[in-house]
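Student:
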Amino acid sequence: MAEFDVIVIGGGPGGYVCAIRCAQLGLKTACVEGRETLGGTCLNVGCIPSKALLHATHSLHEAEHNFAKMGLKGKSPSVDWDQMQSYKQDVVDGNTKGIEFLFKKNKVTWLKGWGSIPAAGQVKVGEDVHTAKNIIVASGSVPSSLPGIDVDEDTIVTSTGALSLKKIPKSVVVIGAGVIGLEMGSVYKRLGADVTVVEFLDAITPGMDAEVARSFQKMLTKQGINFVMGAAVQGVSKGKNKNTVTYKLRKDESEASIDAEVVLVATGRKPYTDGLGLEALGVELEKRGQIKIDDHWQTSVKGIYAIGDAVVGPMLAHKAEDEGMAVAEVVAGKHGHVNYGVIPGVIYSSPEVASVGKTEEQLKEEGRAYKVGKFSFMGNARAKAIFQGDGFVKILADKATDRILGAHIIGPCAGDLIHEICVAMEFGASAQDLALTCHAHPTYSEAVREAALACGDGAIHA
Ligand code: FAD
Ligand code: NAI
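First residue of the sequence shown: 0, per numbering that gives the first Met the number 0; consecutive thereafter.
1. Express the C-alpha separation of residue 447 and residue 412 in angstroms, rounding to a whole number.
2. Along the chain, which unbroken stretches of the beta strand (DSSP E) at least 3 residues long are found entirely within the segment 4-28?
3. By how many angstroms is the C-alpha of residue 0 removed from the C-alpha of residue 214?
4. Just to confirm, is the Cβ distance from residue 282 to residue 299 under 8 Å?
5. Name, in chain order, the residues that DSSP records as bridge partners for residue 304.
6. So, for residue 165: in the same chain, excluding its five sequence neighbours on each side, which residues have a beta-carbon less than 8 Å away from its beta-carbon?
7. What residue from 322, 344 and 301 has the CA that sits closest to residue 335's CA?
8. Does the beta-carbon distance from residue 288 to residue 269 come in below 8 Å?
9. Which one or two residues does DSSP pair with residue 121 in a beta bridge?
10. From the DSSP output, in three-state form, read off residue 75 for me.
11. Just to check, is the beta-carbon of residue 144 closer than 7 Å to a non-hydrogen atom of the ligand FAD?
12. To the nearest whole angstrom, what separates the beta carbons of residue 137 and residue 307, a pair I think is in contact under 8 Å?
13. Any chance the CB of residue 175 is under 7 Å from a heavy atom of the ligand NAI?
14. Taking 7 Å as the cut-off, does the CB of residue 48 come closer than this to any heavy atom belonging to the ligand NAI?
15. Going along the chain, which residues of its own chain have a beta-carbon closer than 7 Å to the beta-carbon of residue 11, five neighbours each way excluded?
16. Check whether the Cβ atoms of residue 429 and residue 401 lie closer than 8 Å to each other.
17. Can you list, in chain order, the residues of its chain with a C-beta nearer than 6 Å to that of residue 114? Leave out the 5 residues immediately preceding and following it.
18. Could you tell me the boundaries of the beta strand (DSSP E) in which residue 326 lies?
19. Could you compute how far the alpha carbon of residue 357 sits from the alpha carbon of residue 332?
20. Residues in the same chain with beta-carbon distance under 8 Å from residue 94, minus the five sequence neighbours each way, listed in chain order, please.
21. Assuming residue 112 and residue 33 are in contact, meaning their beta carbons sit under 8 Å apart, how far apart are those beta carbons, in whole angstroms?
22. Return yes when the C-beta of residue 467 is under 7 Å from any heavy atom of the ligand FAD, and no when it is not.
23. Tell me the DSSP secondary structure of residue 391 in three-state form.
24. Does residue 464 come out as helix, strand or coil in the three-state DSSP assignment?
25. Could you tell me which uninterrupted alpha helix (DSSP H) segments, each at least 4 residues in length, are contained entirely in the segment 220-286, listed from first to last along the chain?
26. Closest by CA to residue 109, which one among 117, 186, 147 and 19?
27. Given that a residue counts as buried once 16 or more other Cβ atoms are within 10 Å of its Cβ, and exposed if not, what is residue 422?
28. Could you give the DSSP three-state label for residue 358: helix, strand or coil?
29. In angstroms with no decimal places, state the Cα-to-Cα distance between residue 295 and residue 309.
30. What I want to know is whether the C-beta of residue 266 ends up closer than 7 Å to one or more non-hydrogen atoms of the ligand NAI.
31. Assuming residue 365 and residue 209 are in contact, meaning their beta carbons sit under 8 Å apart, how far apart are those beta carbons, in whole angstroms?
32. CA-CA distance, residue 167 and residue 79?
33. Kindly examine the ligand FAD and report whether one of its heavy atoms sits closer than 7 Å to the Cβ of residue 40.
34. Looking at the unbroken beta strand (DSSP E) that takes in residue 109, where does it start and where does it end?
35. Helix, strand or coil for residue 448, going by three-state DSSP, please let me know.
36. Within the chosen definition, does the segment 187-195 reach the segment 266-280 through at least 3 CB pairs nearer than 8 Å?
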């Protein structure tokens with residue numbers, strides 16, 4: 000039994016970042032993690048392994064489709080799936096060990112095992128009960144499946160199984176055209192599988208700016224991904240060599256089915272709070288299972304805080320990290336702050352899709368007067384050189400004040416480009432501020448400047 004200023008439960012991006020910041024602020028800190036390795040969903044079975052597979056398969060796609068155009072002729076690489084898996088695992092291991100190193104460097108104690116909170120101020124790990132002035136719950140989330148589907152993580156999988164399939168399947172049905180479905184669908188499409196995405200709604204990626212979502216779907220269709228839209232999946236039955244997904248089309252209630260070697264269930268994630276003992280403590284939950292918090296991330300029980308996927312808001316690693324840093328400041332007696340209006344979202348497909356702030360649909364709903372500055376990557380020399388002229392940058396600015404309200408990018412390195420707009424928004428910048436900033440030539444970021452120019456007197460290369 001030991002005494003701490005802070006015990007963080009969960010070693011994912013929310014928890015480990017929080018623990019490191021607490022220690023940096025002079026608090027005696029421990030972090031409880033039940034997995035064998037630190038880093039949570041993100042490093043072990045989420046962001047990092049998926050990006051490794053996206054990178055490897057994007058490289059394959061480039062070799063197969065674009066190398067010859069650049070005069071790089073010869074046989075395309077063949078795929079060694081076991082090697083690709085071990086490359087992915089090396090990337091994961093390097094990152095999870097990195098967090099262990101950071102814990103040692105910052106003197107954060109890793110309490111290995113599953114933690115529970117028997118009483119406010121106490122955390123139990125195995126048989127040991129530790130005391131802490133502050134407890135921060137960062138227990139994350141798990142995949143949520145649908146009734147009528149028995150996930151076996153073999154051929155009926157969530158994202159976790161999809162990252163480690165035994166072999167490359169010939170066909171994949173993805174249930175849900177959200178971020179996981181489209182990223183993992185892209186991976187298996189590039190590896191040669193026949194990929195069909197079945198989506199309940201009439202548009203992909205719910206919540207995304209509708210114009211961007213439409214373009215994105217067109218591009219994915221061009222890449223060979225099939226979409227069945229407006230279809231509510233009813234169930235999946237497991238056969239000997241194939242699985243059958245049945246769905247009902249919402250427009251006419253007609254039923255249909257589709258067979259595939261592998262079915263990926265990507266219908267969202269739910270907060271994970273099992274075994275923490277929150278109910279007995281009187282910690283209130285939201286209707287959808289998230290831990291209820293106030294403006295300072297404190298739960299309904301004093302001294303117990305919660306952050307990350309376990310609370311409301313976008314289930315994103317960087318949102319969890321920001322909350323982790325902010326709550327560390329709060330328990331250290333400082334002012335923690337997260338600007339929820341400026342949290343970027345990125346889909347790491349090819350092209351990448353990135354957004355921040357309001358969508359056009361949200362602005363319309365709010366009745367706000369806005370203007371749109373758009374610029375196509377066709378007018379960007381660098382994007383054309385890498386055969387990625389298809390996308391665009393769209394900046395939404397207040398009609399009267401020119402203040403940037405949102406931005407949506409589909410195109411090369413969109414996930415990096417979005418951050419200059421995030422910084423601009425943090426500083427309350429106008430589109431003209433971006434437009435007057437010199438951007439190096441030739442870079443993809445010139446497209447951002449051109450979109451900002453398009454909010455005013457017009458883009459140059461349009
Ligand atoms: P988690 O990362 O889920 O970590 C929680 C940790 O707490 C887990 O390790 C769990 O074992 C531990 N834990 C839970 N209960 C206890 C307990 N009682 N005792 C001890 N330990 C406990 N987000 C992005 O921003 N970018 C991406 O590219 C991206 N890609 C993703 C790809 C996939 C396939 C998936 C599934 C998710 C992806 N995400 C991505 C989402 C991202 O992984 C999560 O938003 C992020 O991990 C949330 O961090 P967290 O710290 O709140 O929770
Ligand atoms: P999601 O919420 O993004 O998408 C789920 C999709 O499934 C929705 O489009 C929904 O309409 C559809 N759906 C639900 N029920 C259905 C049914 N019965 N039939 C057909 N379609 C159905 O969830 P997803 O993709 O599982 O991702 C979970 C979380 O992980 C997301 O919140 C995301 O933020 C995070 N994530 C982030 C990544 C990134 O930042 N690049 C990458 C991967 C995941």
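Glycine is no exception: its CB is placed at the ideal position from the N, C-alpha and C atoms.
Only a predicted model underlies this, so the values are computations on that prediction, with no experimental measurement involved.
Tutor: A quick look at the data gives this:
1. As a first step, residue 412 must be located in the sequence shown, where it is residue number 413. As a first step, residue 447 must be located in the sequence shown, where it is residue number 448. In a straight line, the C-alpha of residue 412 is about 12 Å away from that of residue 447.
2. none
3. Working through the sequence shown from its first residue, we reach residue 214 at position 215. Working through the sequence shown from its first residue, we reach residue 0 at position 1. So the alpha carbons of these two residues sit roughly 57 Å apart.
4. As a first step, residue 282 is located in the sequence shown; it is residue number 283 there, counting from the start. As a first step, residue 299 is located in the sequence shown; it is residue number 300 there, counting from the start. Closer than 8 Å, so yes.
5. In the sequence shown, counting from the first residue as 1, residue 304 sits at position 305. Answer by DSSP bridge pairing, in chain order: 135 and 297.
6. Along the sequence shown, one-based indexing puts residue 165 at 166. Once the five neighbours on either side are set aside, the close Cβ partners of residue 165 are 153.
7. On the sequence shown, position 336 is the one that residue 335 refers to. Measuring from the Cα of residue 335, the nearest candidate turns out to be 322.
8. As a first step, residue 288 must be located in the sequence shown, where it is residue number 289. As a first step, residue 269 must be located in the sequence shown, where it is residue number 270. Yes, the pair counts as a contact, with Cβ atoms nearer than the cut-off.
9. Looking up residue 121 in the sequence shown gives position 122. The partner list for residue 121 (beta bridge, DSSP) reads 130.
10. Here residue 75 corresponds to residue number 76 of the sequence shown, with the count starting at 1. Note: residue 75 maps to coil in three-state DSSP.
11. By 1-based counting over the sequence shown, the position of residue 144 is 145. Because no heavy atom of the ligand FAD lies under 7 Å away, the Cβ of residue 144 does not count as near it: no.
12. Position 138 of the sequence shown, counting from 1, holds the residue named residue 137. Position 308 of the sequence shown, counting from 1, holds the residue named residue 307. At roughly 5 Å, the Cβ-Cβ gap stays under 8 Å, so residue 137 and residue 307 are in contact.
13. The residue given as residue 175 occupies position 176 in the sequence shown. Yes, Cβ of residue 175 sits closer than 7 Å to a heavy atom of the ligand NAI.
14. Here residue 48 corresponds to residue number 49 of the sequence shown, with the count starting at 1. False, no ligand heavy atom lies under 7 Å from that Cβ.
15. Taking the sequence shown and counting its residues from 1, the one referred to as residue 11 is at position 12. Here the set comprises 38, 39, 40, 41, 137, 139, 307 and 319.
16. Here residue 429 refers to the residue found at position 430 when the sequence shown is read from its first residue. Here residue 401 refers to the residue found at position 402 when the sequence shown is read from its first residue. Yes; because the gap between Cβ atoms is below 8 Å, this pair is in contact.
17. Residue 114 sits at position 115 when you count from the first residue of the sequence shown. Cβ within range, chain order: 8, 31, 122 and 124.
18. Here residue 326 refers to the residue found at position 327 of the sequence shown. Not the beta strand (DSSP E): residue 326 falls in the alpha helix (DSSP H), residues 316-330.
19. In the sequence shown, residue 357 corresponds to position 358, counting from 1. In the sequence shown, residue 332 corresponds to position 333, counting from 1. Distance between the alpha carbons of residue 357 and residue 332 is about 33 Å.
20. As a first step, residue 94 is located in the sequence shown; it is residue number 95 there, counting from the start. Only 38, 42 and 47 meet the Cβ criterion.
21. Position 113 of the sequence shown holds residue 112. Position 34 of the sequence shown holds residue 33. With 8 Å as the limit, residue 112 and residue 33 qualify as a contact, their Cβ atoms being about 6 Å apart.
22. One cannot answer for residue 467 here, as it falls past the ends of the chain, which runs 0 to 461.
23. Here residue 391 corresponds to residue number 392 of the sequence shown, with the count starting at 1. Residue 391: strand per DSSP, three-state reduction.
24. Because the chain in this structure spans residues 0 to 461, residue 464 falls outside the shown range and cannot be described.
25. 277-280
26. For this step, residue 109 is matched to residue 110 along the sequence shown. With distances taken between Cα atoms, residue 109 lies closest to 19.
27. For this step, residue 422 is matched to residue 423 along the sequence shown. Answer is exposed; the Cβ neighbour count stays below 16.
28. Looking up residue 358 in the sequence shown gives position 359. Three-state DSSP puts residue 358 in coil, outside helix and strand.
29. Locating residue 295 in the sequence shown gives position 296, counting from the first residue. Locating residue 309 in the sequence shown gives position 310, counting from the first residue. Whole-angstrom Cα-Cα distance: 15 Å.
30. Taking the first residue of the sequence shown as 1, we reach residue 266 at position 267. Yes; taking the cut-off as 7 Å, the Cβ of residue 266 has a heavy atom of the ligand NAI nearer than that.
31. Counted from its first residue, the sequence shown places residue 365 at position 366. Counted from its first residue, the sequence shown places residue 209 at position 210. With 8 Å as the limit, residue 365 and residue 209 do not qualify as a contact, their Cβ atoms being about 15 Å apart.
32. As a working mapping, residue 167 is identified with position 168 in the sequence shown. As a working mapping, residue 79 is identified with position 80 in the sequence shown. Going by the C-alpha atoms only, they are around 10 Å apart.
33. By one-based count along the sequence shown, residue 40 stands at place 41. Answer for residue 40: yes, Cβ within range of the ligand FAD.
34. Your numbering for residue 109 matches position 110 in the sequence shown. Counting along the chain, the beta strand (DSSP E) containing residue 109 begins and ends at 108-111.
35. Counting from one through the sequence shown, the residue named residue 448 turns up at place 449. Helix, per DSSP.
36. no
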